[in-house]
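Colleague: Those sequence lines, one after another, are chains D and A.
Position 151 of the first sequence, counted from 1, bears residue number 151 in this note's numbering, the numbering being contiguous throughout.
Position 61 of the second sequence, counted from 1, bears residue number 271 in this note's numbering, the numbering being contiguous throughout.
Glycine residues also receive a C-beta, built at the ideal position from the N, C-alpha and C atoms.
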Amino acid sequence: MSVALENLPYLLRGAGMTVLLSVAAAVPATLAGLCMALARRRTPWLGSLLDGWLFLMRGIPLIVLLVFVYFLLPRTGLDLPPFWGVTLVLAAYYAAFMSEVFRAGFDALPNAQWEAGRSLGLSEPLLLFHVIGPQALRVALPAHLNLCASLIKGTSLASVIGLWELTLASLEVVERTLAPFPIFLSAAGIYFTICFALDRLARRLEVANG
Amino acid sequence: MAEPMLRLDSIEKRFGEVDILRGVSLDVQRGEAVVLIGPSGSGKTTLLRCINMLEDYHAGSVSLDGAPVGYRLEGRERIRMRDSELAAVRADIGIVFQSYNLFPHMTVLANIMLAPMKVRKLSRDEAEARARDLLLLMGLADKADLHPAQLSGGQQQRVAIARALAMRPKIMLFDEVTSALDPERVAEVLTAMRQLASEGMTMVVVTHEMAFARDVADRVVFMEGGLIVEQGPPQQLFGNPAAERTRQFLGRFMNAEGRTCG
Ligand SMILES: Nc1ncnc2c1ncn2[C@@H]1O[C@H](COP(=O)(O)OP(=O)(O)OP(=O)(O)O)[C@@H](O)[C@H]1O
Ligand SMILES: [Mg+2]
Chain D
1 MSVALENLPY
11 LLRGAGMTVL
21 LSVAAAVPAT
31 LAGLCMALAR
41 RRTPWLGSLL
51 DGWLFLMRGI
61 PLIVLLVFVY
71 FLLPRTGLDL
81 PPFWGVTLVL
91 AAYYAAFMSE
101 VFRAGFDALP
111 NAQWEAGRSL
121 GLSEPLLLFH
131 VIGPQALRVA
141 LPAHLNLCAS
151 LIKGTSLASV
161 IGLWELTLAS
171 LEVVERTLAP
181 FPIFLSAAGI
191 YFTICFALDR
201 LARRLEVANG
Chain A
211 MAEPMLRLDS
221 IEKRFGEVDI
231 LRGVSLDVQR
241 GEAVVLIGPS
251 GSGKTTLLRC
261 INMLEDYHAG
271 SVSLDGAPVG
281 YRLEGRERIR
291 MRDSELAAVR
301 ADIGIVFQSY
311 NLFPHMTVLA
321 NIMLAPMKVR
331 KLSRDEAEAR
341 ARDLLLLMGL
351 ADKADLHPAQ
361 LSGGQQQRVA
371 IARALAMRPK
381 IMLFDEVTSA
391 LDPERVAEVL
401 TAMRQLASEG
411 MTMVVVTHEM
421 AFARDVADRV
431 VFMEGGLIVE
441 QGPPQQLFGN
451 PAAERTRQFL
461 GRFMNAEGRT
471 CG
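(1) Opposite A:Ser271 in the DSSP bridges: which residues?
(2) Report the rounded CA-to-CA distance for A:Ala301 versus D:Ala96, giving the unit in angstroms.
(3) Considering only the alpha carbon of each residue, which of D:Pro44, D:Ala112 and D:Leu120 lies closest to A:Leu324?
(4) Buried or exposed, going by whether 16 or more other CB atoms sit within 10 Å of the CB of D:Arg58?
(5) DSSP has A:Met327 in a bridge; who is on the other side?
(6) Below 8 Å between beta carbons is the criterion; list the residues of the region 243-262 of chain A that meet it against any residue of chain D, in chain order.
(7) For a contact meaning CB atoms closer than 7 Å, what does A:Met323 contact in chain D?
(8) Do A:Glu284 and ligand 2 come close, with the Cβ less than 7 Å from some heavy atom?
(9) Which ranges does the alpha helix (DSSP H) cover as unbroken runs of at least 4 residues, wholly within the region 61-99 of chain D, from first to last along the chain?
(10) Would A:Asp355 and A:Leu258 be called neighbours here (beta carbons separated by less than 8 Å)?
(11) Compute the distance between the beta-carbons of D:Gly105 and D:Leu151, then report whether it is under 8 Å.
(12) So which residues touch the region around ligand 2, with touch meaning a C-beta under 7 Å from any heavy atom?
(13) Ordered along the chain, which non-local residues of its own chain (more than five positions away) have a Cβ less than 6 Å from that of D:Phe102?
(14) Can you give me the Cβ contacts of A:Arg469 inside the same chain, cut-off strictly under 6 Å, excluding the 5 residues immediately before and after it?
(15) Using a Cβ distance threshold of 8 Å, determine whether the region 313-322 of chain A contacts the region 292-301 of chain A, with at least three qualifying pairs required.
(16) From the DSSP output, in three-state form, read off A:Asp302 for me.
(17) Check each candidate in A:Glu242, A:Ala421 and A:Ile303 and name the one with the smallest Cα separation from A:Phe448.
(18) Going along the chain, which residues of its own chain have a beta-carbon closer than 8 Å to the beta-carbon of A:Arg457, five neighbours each way excluded?
(19) Take D:Glu6 and list the residues in its own chain whose beta-carbon comes closer than 6 Å to its own, dropping the five residues that flank it on each side.
(20) Taking 7 Å as the cut-off, does the CB of A:Phe225 come closer than this to any heavy atom belonging to ligand 1?
(21) Please list, in chain order, all residues of the same chain as A:Leu437 whose beta carbon is under 6 Å from its beta carbon, the five residues on each side excluded.
(22) Does the structure place the region 83-95 of chain D close enough to the region 18-26 of chain D that three or more beta carbon pairs sit under 8 Å?
(23) Tell me the residue span of the alpha helix (DSSP H) that contains D:Ile152.
(24) Report yes or no: is there a C-beta of chain A within less than 8 Å of the C-beta of D:Arg118?
(25) Just list the residues that DSSP pairs A:Phe384 with in beta bridges.
(26) Inspect the beta-carbon positions of A:Met413 and A:Ala277 and report whether they are closer than 8 Å.
(27) Going by Cα to Cα distance, which pick from A:Ala341, A:Lys328, A:Phe459 and A:Val306 is closest to A:Ser389?
(28) Less than 8 Å between C-beta atoms, sequence neighbours within five positions excluded: which residues of the same chain meet that for D:Leu46?
(29) Could you spell out the range, first to last residue, of the alpha helix (DSSP H) harbouring A:Leu375?
(30) Would A:Asp355 pass as an interface residue toward chain D - the criterion being a Cβ-Cβ separation below 8 Å?
(31) Is the Cβ of D:Gly121 closer than 8 Å to any Cβ of chain A?
(32) Report the option in D:Leu56, D:Ala116, D:Pro110 and D:Leu109 whose CA atom is closest to the CA atom of A:Ile322.
(33) Would you report the Cα separation of D:Gly14 and D:Ile60, rounded to the nearest angstrom?
(34) Helix, strand or coil, according to DSSP, for D:Ala169 in the structure here?
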């Protein structure tokens, strides 16, 4: 166990990178998911396009996508640092699923809520911000949190293409110390704590918003 | 005669192949209370929804206080207003639905204050003062901080009326606002509407409450099959209807008169 303690600072620095990567991917994925869920309400052809994309993402393992981009990107002459490459893949991957989750949230609201808001003279943006959005987001929140947890765990795949974060840090320590059990147990504990903290935080925000 | 507050000119509306409104024309004068009656499926709800463009209609025109609603004519072309223009006209048209449709995530007070603040640009204090006045008027002064789910149907419906009134609309439309309520709750909502009419609010009321129509209406309009069959002052329409269809429709209500306690 002292092995774990000795190496904890190193693992925690890796965890910091994991959190950074997660935030960098989850924020744009959420925003893009939200925008797409809204945009497809107005633009039918966009809906089919998004369906196709979701269909693809659903059928391709994240790791294959990561490796693919890792090898493909340099060939396009685009010199993207690995951090941003991974962020891009994670964001694009999860945006597809998040747009579905938000769409379900919007669809859960009766049309009468839109009509009541319109009848009061609220413009569409006001209606979305004050009436539809808060209700739809509340419906979507649990599923969205699941996706966020899945994204956080998904960042561990970045280790495969050599991006240093918690999993790669753990692998390095294990290689050095030959003590896989305490180290991976620590890593598992740290991942769990991150996901758990996110869940608590989100639920607290939900309560605070009435 | 003065320019009417609301003018409907030959409104036509289809759902698919079915004609629902087949050329409805109606003028509502300032301060007038018009009650719209007719059998189920005659198009009453659809007509109200066309007035504030919750439904698009295929022909005809609506104008409020002299200004077009929903479509404007450019040459011979009928152009649907942009969303922002529609929002501006809708702000002047209050509508209350059978199913209240309050915003469940907001308190009663917030429900009423939202549109006055965001659309009419009232300050928070002004909007709150207006909202509290209306709640007082509706007998709900102590409910301001509750959420809609904590209220009875009759209370929710009065909040919905207050929410619409808070915009100071030029006209109020009511669509069977008491038919989802328990009988003992009906009276409290009708009382609020009666007071509104006596204060000179221009209103169009769809209802099956014939006693209310008789007491409050300046004019009763009978619709059937997407057309106005007959209209007139309540004494005339109830006492001596001209059309056979009106007579038949009212006949059914006369038998049930004991129940329509208004
Ligand atoms: N969205 C819709 N799609 C298709 N048909 C519709 C739609 N809304 C209404 N209708 C049809 O239009 C006709 C008129 O309906 P409307 O609701 O206006 O009648 P109403 O006079 O309000 O009846 P009620 O007294 O039952 O409320 C009905 O035959 C109805 O089936
Ligand atoms: Mg109806």
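Modeller: From the atom records:
(1) For the purposes of this step, residue 271 of chain A is taken as residue 61 along the second sequence, with counting starting at 1. As DSSP reads the structure, A:Ser271 sits in a beta bridge with A:Asp219.
(2) Start at 1 with the first residue of the second sequence, and residue 301 of chain A comes out as number 91. Start at 1 with the first residue of the first sequence, and residue 96 of chain D comes out as number 96. Cα to Cα, the separation comes out at about 37 Å.
(3) Numbered from 1 along the second sequence, position 114 holds the residue referred to as residue 324 of chain A. Nearest of D:Pro44, D:Ala112 and D:Leu120 to A:Leu324, Cα basis: D:Leu120.
(4) Numbered from 1 along the first sequence, position 58 holds the residue referred to as residue 58 of chain D. Its Cβ having fewer than 16 others within 10 Å, D:Arg58 is exposed.
(5) Here residue 327 of chain A corresponds to residue number 117 of the second sequence, with the count starting at 1. For A:Met327, DSSP assigns no beta-bridge partner whatsoever.
(6) Within the region 243-262 of chain A, the qualifying residues are Asn262.
(7) Locating residue 323 of chain A in the second sequence gives position 113, where the first residue counts as 1. Around A:Met323, no beta-carbon contact reaches into chain D at under 7 Å, the shortest distance being about 11 Å.
(8) Here residue 284 of chain A refers to the residue found at position 74 when the second sequence is read from its first residue. Incorrect: A:Glu284 has no Cβ contact closer than 7 Å to ligand 2.
(9) Fully enclosed alpha helix (DSSP H) runs of 4 or longer: 62-75.
(10) On the second sequence, residue 355 of chain A is found 145 positions in, with the first residue counted as 1. On the second sequence, residue 258 of chain A is found 48 positions in, with the first residue counted as 1. The answer is no: Cβ separation not under 8 Å.
(11) Locating residue 105 of chain D in the first sequence gives position 105, where the first residue counts as 1. Locating residue 151 of chain D in the first sequence gives position 151, where the first residue counts as 1. Note that the C-beta distance between D:Gly105 and D:Leu151 is not below 8 Å.
(12) Every residue whose beta carbon comes nearer than 7 Å to a heavy atom of ligand 2 appears here in chain order: A:Lys254, A:Thr255, A:Asp385, A:Glu386 and A:Val416.
(13) On the first sequence, position 102 is the one that residue 102 of chain D refers to. So the list reads Gly33, Leu34, Ala37 and Ala140, once near-sequence residues are dropped.
(14) Mapped onto the second sequence, residue 469 of chain A falls at position 259. With a pLDDT of 47 at A:Arg469, under the threshold of 50, the modelled position of this residue cannot be trusted; read the value that follows with caution. Nothing meets the Cβ criterion.
(15) Touching, no, given that fewer than three Cβ pairs across the two stretches are closer than 8 Å.
(16) Locating residue 302 of chain A in the second sequence gives position 92, where the first residue counts as 1. In this structure, A:Asp302 counts as coil in the three-state DSSP scheme.
(17) What you label residue 448 of chain A is simply residue 238 of the second sequence in a count that begins at 1. Ranking A:Glu242, A:Ala421 and A:Ile303 by Cα distance to A:Phe448 puts A:Ala421 first.
(18) Locating residue 457 of chain A in the second sequence gives position 247, where the first residue counts as 1. Closer than 8 Å at Cβ, skipping near neighbours: Pro451.
(19) Residue numbering aside, residue 6 of chain D sits at position 6 when the first sequence is read from its first letter. Within the same chain, D:Glu6 has no close Cβ partners at all.
(20) Position 15 of the second sequence holds residue 225 of chain A. Distance from the C-beta of A:Phe225 to the nearest heavy atom of ligand 1 is below 7 Å.
(21) For this step, residue 437 of chain A is matched to residue 227 along the second sequence. Taken in chain order, the residues that qualify are Arg232.
(22) Because the criterion of three Cβ pairs below 8 Å is met, the region 18-26 of chain D and the region 83-95 of chain D touch.
(23) Start at 1 with the first residue of the first sequence, and residue 152 of chain D comes out as number 152. Annotation for D:Ile152: the continuous alpha helix (DSSP H) segment containing it runs Gly133 to Gly154.
(24) Start at 1 with the first residue of the first sequence, and residue 118 of chain D comes out as number 118. For D:Arg118, the closest Cβ of chain A is nearer than 8 Å.
(25) The residue you call residue 384 of chain A lines up with position 174 of the second sequence. Answer is A:Val306 and A:Val415.
(26) Here residue 413 of chain A refers to the residue found at position 203 of the second sequence. Here residue 277 of chain A refers to the residue found at position 67 of the second sequence. Contact flag unset, no.
(27) Position 179 of the second sequence, counted from the first residue, corresponds to residue 389 of chain A. Per the Cα distances, A:Val306.
(28) Here residue 46 of chain D is taken as the residue at index 46 of the first sequence, counted from 1. So the qualifying residues of the chain are Met36, Ala39 and Arg40.
(29) By one-based count along the second sequence, residue 375 of chain A stands at place 165. Gly363 to Leu375 is the extent of the alpha helix (DSSP H) around A:Leu375.
(30) One-based indexing of the second sequence puts residue 355 of chain A at position 145. Not flagged as an interface residue toward chain D: A:Asp355, since no C-beta distance is shorter than 8 Å.
(31) As a position in the first sequence, residue 121 of chain D is number 121, starting the count at 1. Cβ-Cβ to chain A under 8 Å: yes for D:Gly121.
(32) For this step, residue 322 of chain A is matched to residue 112 along the second sequence. Distance from the Cα of A:Ile322 is smallest, within the candidate group D:Leu56, D:Ala116, D:Pro110 and D:Leu109, for D:Ala116.
(33) As a position in the first sequence, residue 14 of chain D is number 14, starting the count at 1. As a position in the first sequence, residue 60 of chain D is number 60, starting the count at 1. Straight-line Cα distance between these residues: approximately 27 Å.
(34) Locating residue 169 of chain D in the first sequence gives position 169, counting from the first residue. Shown here, D:Ala169 sits in a helix according to DSSP, grouped into three states.
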